[in-house]
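Data block below; observations after.
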Amino acid sequence: MLTKWIKLLPAERIIVVSDEVAEDPMRKTLVLSVAPSNVRANAVTPEKMGRVFKNPKYAGTTAMLLFGNPAEIVEAIENGVEIKTVNVGGMRFDPSKKQITESVSVTPEDVKAFEKLSTMGVKLELRQLPGDSSQDFAKLLKQKL
């Protein structure tokens with residue numbers, strides 16, 4: 081599925097922005113191994129993503145950012161990463177979460193982070209696959225809660 085997204089949104093790099101993944105060598109290796117062979121992959125913390133984003137060495141680099149949760153998106157933005165749109169493609173179900181769609185379930189912390197992203201001017205869209213039509217996730221979230 082990642083290959084389909086890369087075809088739609090060409091990127092030189094895939095960067096997994098997650099404290100959990102960046103700090104767990106085994107998980108980091110596993111996650112990075114699924115990247116298409118023609119794309120460089122990295123895993124960093126939201127704080128490090130801010131430093132990388134501001135580094136002139138990477139100016140002009142196109143990257144697809146994958147986050148572990150919406151709070152890490154907020155943290156990345158607060159560290160200087162410019163994000164205009166977030167696609168909420170899938171957040172797995174757990175009995176402690178509220179199911180919003182078949183593919184998205186959220187915790188109260190997730191809801192707060194999504195609300196903060198909206199107030200920061202970030203467009204939230206829902207699209208599971210590249211060919212799917214985009215839905216307004218902020219609106220959908222309000223309807224379901």
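Numbering (the numbering used here), first residue to last: 81 to 225. Ideal Cβ positions, reconstructed from N, Cα and C, are used throughout, including at glycine. Computed from a predicted model, the values in this text were never measured in an experiment.
Mind reading off the beta-carbon distance from R93 to T141? Whole number of angstroms is fine, and I expect it under 8 Å. Sequence index remark: in the sequence shown, residue 93 carries index 13 (1-based). Sequence index remark: in the sequence shown, residue 141 carries index 61 (1-based). Right, the Cβ-Cβ distance comes to about 6 Å (below 8 Å), so this counts as a contact.
In this structure, does DSSP put K178 in helix, strand or coil? Position 98 of the sequence shown, counting from 1, holds the residue named residue 178. Here K178 sits in strand by DSSP.
Would you say the region 143-154 touches the region 188-204, given that touching needs at least three Cβ pairs under 8 Å? Short answer: they touch.
In or out: M200 buried (at least 16 other Cβ within 10 Å) or exposed? What you label residue 200 is simply residue 120 of the sequence shown in a count that begins at 1. With fewer than 16 other Cβ atoms within 10 Å, it is exposed.
Grab the span of the alpha helix (DSSP H) containing I163 for me, first residue to last. Here residue 163 refers to the residue found at position 83 when the sequence shown is read from its first residue. Under the DSSP assignment, I163 falls outside any alpha helix (DSSP H); it carries neither an H nor an E label.
Between G130 and V96, which are expected to be in contact by the criterion C-beta below 8 Å, what is the C-beta distance as a whole number of angstroms? Position 50 of the sequence shown, counted from the first residue, corresponds to residue 130. Position 16 of the sequence shown, counted from the first residue, corresponds to residue 96. A Cβ-Cβ distance of about 15 Å is found for the pair G130 and V96, leaving them out of contact under the 8 Å criterion.
Taking the alpha carbon of S183 as the point to measure from, which residue in N159, V101 and N167 has its own alpha carbon closest? Working through the sequence shown from its first residue, we reach residue 183 at position 103. Relative to S183, the option among N159, V101 and N167 whose CA is nearest is N167.
Looking only at C-alpha atoms, which of L110, I163, A218 and V154 sits nearest to T181? The sequence position of residue 181 within the sequence shown is 101, counting from 1. Distances from the alpha-carbon of T181 to those of L110, I163, A218 and V154 put A218 closest.
Whose C-alpha, out of P175, K87, V101 and V154, is nearest the C-alpha of M144? The residue you call residue 144 lines up with position 64 of the sequence shown. When each option's Cα is compared against that of M144, the closest is K87.
Does the separation of the CB atoms of V119 and K108 fall below 8 Å? If you number the sequence shown from 1, residue 119 lands on position 39. If you number the sequence shown from 1, residue 108 lands on position 28. The answer is no: Cβ separation not under 8 Å.
Exposure label - A121; buried when at least 16 CB within 10 Å: Residue numbering aside, residue 121 sits at position 41 when the sequence shown is read from its first letter. With 16 or more other Cβ atoms from the protein chains shown falling within 10 Å of its own Cβ, A121 counts as buried.
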